[in-house]
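K.L.:
Chains A and B, in that order, are what the protein sequence lines are.
Its first residue numbered 379, the first sequence is counted upward by one per residue in the numbering used here.
Its first residue numbered 379, the second sequence is counted upward by one per residue in the numbering used here.
Ideal Cβ placement from N, Cα and C applies to all residues, glycine included.
Protein chains: 2
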Amino acid sequence: MAAFPESSQSAPETPEILYAGELEIRLDEGLVLATGQPLVLSVREFEVLVAMARRLGAIISRDDLYRTVWGGEQRPGDRSVDVYVSKLRSKLEDALPDRRFIHTHPGFGYRFQPQPSRNVYTEAASG
Amino acid sequence: MAAFPESSQSAPETPEILYAGELEIRLDEGLVLATGQPLVLSVREFEVLVAMARRLGAIISRDDLYRTVWGGEQRPGDRSVDVYVSKLRSKLEDALPDRRFIHTHPGFGYRFQPQPSRNVYTEAASG
DNA sequence: CAGCGCCTTTCACGGATTTTTCACGACTAA
DNA sequence: TTAGTCGTGAAAAATCCGTGAAAGGCGCTG
Numbered sequence: 379m380a381a382f383p384e385s386s387q388s389a390p391e392t393p394e395i396l397y398a399g400e401l402e403i404r405l406d407e408g409l410v411l412a413t414g415q416p417l418v419l420s421v422r423e424f425e426v427l428v429a430m431a432r433r434l435g436a437i438i439s440r441d442d443l444y445r446t447v448w449g450g451e452q453r454p455g456d457r458s459v460d461v462y463v464s465k466l467r468s469k470l471e472d473a474l475p476d477r478r479f480i481h482t483h484p485g486f487g488y489r490f491q492p493q494p495s496r497n498v499y500t501e502a503a504s505g
Numbered sequence: 379m380a381a382f383p384e385s386s387q388s389a390p391e392t393p394e395i396l397y398a399g400e401l402e403i404r405l406d407e408g409l410v411l412a413t414g415q416p417l418v419l420s421v422r423e424f425e426v427l428v429a430m431a432r433r434l435g436a437i438i439s440r441d442d443l444y445r446t447v448w449g450g451e452q453r454p455g456d457r458s459v460d461v462y463v464s465k466l467r468s469k470l471e472d473a474l475p476d477r478r479f480i481h482t483h484p485g486f487g488y489r490f491q492p493q494p495s496r497n498v499y500t501e502a503a504s505g
């Protein structure tokens, strides 16, 4: 609803703010608001969140996430992505206990999509 | 120097006074009142405060702050911004011990927003 | 000119925070 | 059981930040 005011000179697909559930992700500032309340995320946490939020609803493989956030190829056995997804989940759950955002699809990757945690009906998560 | 810097954004009207919590910042005078009591700030301190207060709630990077207050580009390793934020914090905390104004977002910058650290008798309604 | 006082800039150190890496255990599938 | 995938606490390494204090400027006073 809140249309953001401004430039049409940039690329049409470069929003400065992403919205997902009660999350507001301000790309230019590195700020995330949960129901208006600011979260304190580290740089990596923020980048992982943005990478996922940009592809809301899609499954993103770990390799893909790694390339997007860290750059280069992920070495076999590297768990960085998992660790940061875990940190992110923790902070998001702190801020919004009734929501789940990051869904695991074993063998495939992660999917980012705001979803109430009490109500699980859309699909069985075990692909 | 200029009594007050022209704003970089074209707001319909440029306010001469900023309010934030119990702070009143009189731009044209260079005067800051905390619960009516005047603070003694140096020029730089005042400018840093104004730069932040003008973007209340937003994260401002050190580079950004440097450009706004000092002008030009910040040289790598320059800590001026940090030092002045520290001085400012110290004076604000002197004047209003129960409030936090300047929040650090490691890796991103600072966010200015009045926030009670203890006592909540703020004007509750969003303003 | 010399001495002061205030402001700004720069430096340095230690603590805080982040990032990376490791390890263990839960879980799944054959 | 055996192998592969995940979640996550915690150690180790790397950065980032807060801040006291030194150093340099500038104006004022005697």
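Hey, out of Ala431(A), Ile437(A), Thr446(A) and Val421(A), whose CA is closest to Ser439(B)'s CA?
P.N.:
It is Val421(A).
K.L.:
Work out the CA separation of Arg445(A) and Arg432(B) for me, nearest whole Å.
P.N.:
Their backbone Cα atoms lie some 37 Å apart in a straight line.
K.L.:
Let's test the definition: count the other Cβ atoms within 10 Å of the Cβ of Ile507(B) and tell me whether it reaches 16, buried, or not, exposed.
P.N.:
Since the first and last residues shown for chain B are 379 and 505, residue 507(B) lies out of range.
K.L.:
Helix, strand or coil for Gly485(A), going by three-state DSSP, please let me know.
P.N.:
Here Gly485(A) sits in coil by DSSP.
K.L.:
Taking 8 Å as the CB-CB limit, is Gln387(B) close to chain A?
P.N.:
Bear in mind that the predicted position of Gln387(B) carries a pLDDT of just 48, short of 50, making it unreliable; the figure below should be weighed with that in mind. Not closer than 8 Å to any Cβ of chain A, the Cβ of Gln387(B) fails to qualify, so no.
K.L.:
Using the rule of at least 16 other Cβ atoms within 10 Å of the residue's Cβ for burial, across every protein chain shown, is Ala436(A) buried or exposed?
P.N.:
The residue in question, Ala436(A), is exposed, as its Cβ has fewer than 16 Cβ neighbours within 10 Å.
K.L.:
Out of Val410(A), Pro454(A) and Gly485(A), point me to the one whose CA is closest to Leu474(A)'s CA.
P.N.:
Nearest of Val410(A), Pro454(A) and Gly485(A) to Leu474(A), Cα basis: Val410(A).
K.L.:
Between Pro492(B) and chain A, is the shortest Cβ-Cβ distance under 8 Å, so that the two count as touching?
P.N.:
Pro492(B) does not count as touching chain A.
K.L.:
Taking Cβ-Cβ distances shorter than 8 Å, what residues in chain A pair up with Arg489(B)?
P.N.:
Per Cβ cutoff of 8 Å: Leu409 and Pro416.
K.L.:
Considering Val410(B), what are the terminal residues of the beta strand (DSSP E) in which it resides?
P.N.:
Element bounds for Val410(B): Leu409 to Ala412.
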